[in-house]
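Numbering (the UniProt record's numbering), first residue to last: 1 to 104. Presented below is the structure to which this report refers.
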Amino acid sequence: MILTTTDAVPGREITSCFGLVKGSSVRAKHIGADIVASLRNLVGGEVKEYAALLAGTREQAIDRMVADARKMGADAIVAMRLETSTITDGASEVIAYGTAVKLT
Numbered sequence: 001m002i003l004t005t006t007d008a009v010p011g012r013e014i015t016s017c018f019g020l021v022k023g024s025s026v027r028a029k030h031i032g033a034d035i036v037a038s039l040r041n042l043v044g045g046e047v048k049e050y051a052a053l054l055a056g057t058r059e060q061a062i063d064r065m066v067a068d069a070r071k072m073g074a075d076a077i078v079a080m081r082l083e084t085s086t087i088t089d090g091a092s093e094v095i096a097y098g099t100a101v102k103l104t
């Protein structure tokens, strides 16, 4: 599956447009990681526990979007975007979305 943030795939022609595809994931902080992250917050630097949590959430959202596109028969997703929102103080959602297309 080709994923691109542009409206086209260089060197390829879009022959069919299947429409919007999306995938989302909501993850909550783990109390142990939250304690470590709070301590790290005191001294500064990257909060690796949260960075890893969001990276995994993004990957899962993208995987779900790709699965949605494959069900439609697409071989690429163009104009792909990622958005993040806070659900509660301890949980965030990541949504991946784009347009499923068939290429030549």
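Where a beta carbon is used, it is the ideal one built from N, C-alpha and C, also for glycine. Quantities reported herein were computed from a predicted structural model and do not represent experimental measurements.
Alpha-carbon to alpha-carbon, residue j and residue i
i          : j          : result
residue 85 : residue 17 : 28 Å
residue 72 : residue 28 : 31 Å
residue 46 : residue 82 : 21 Å
residue 89 : residue 5  : 30 Å
Cβ shell of residue i (< 6 Å), same chain only, five flanking positions each side left out
i          : result
residue 64 : 23
residue 13 : 104
C-beta atoms of residue i and residue j nearer than 7 Å
i           : j          : result
residue 80  : residue 56 : no
residue 101 : residue 61 : no
residue 2   : residue 69 : no
Continuous beta strand (DSSP E) stretch holding residue i: start and end
i           : result
residue 71  : First-last for residue 71: 48–72, but that is the alpha helix (DSSP H), not the beta strand (DSSP E).
residue 100 : 91–103
Beta-carbon proximity list for residue i, same chain, < 7 Å, skipping 5 on both sides
i          : result
residue 87 : 26, 93
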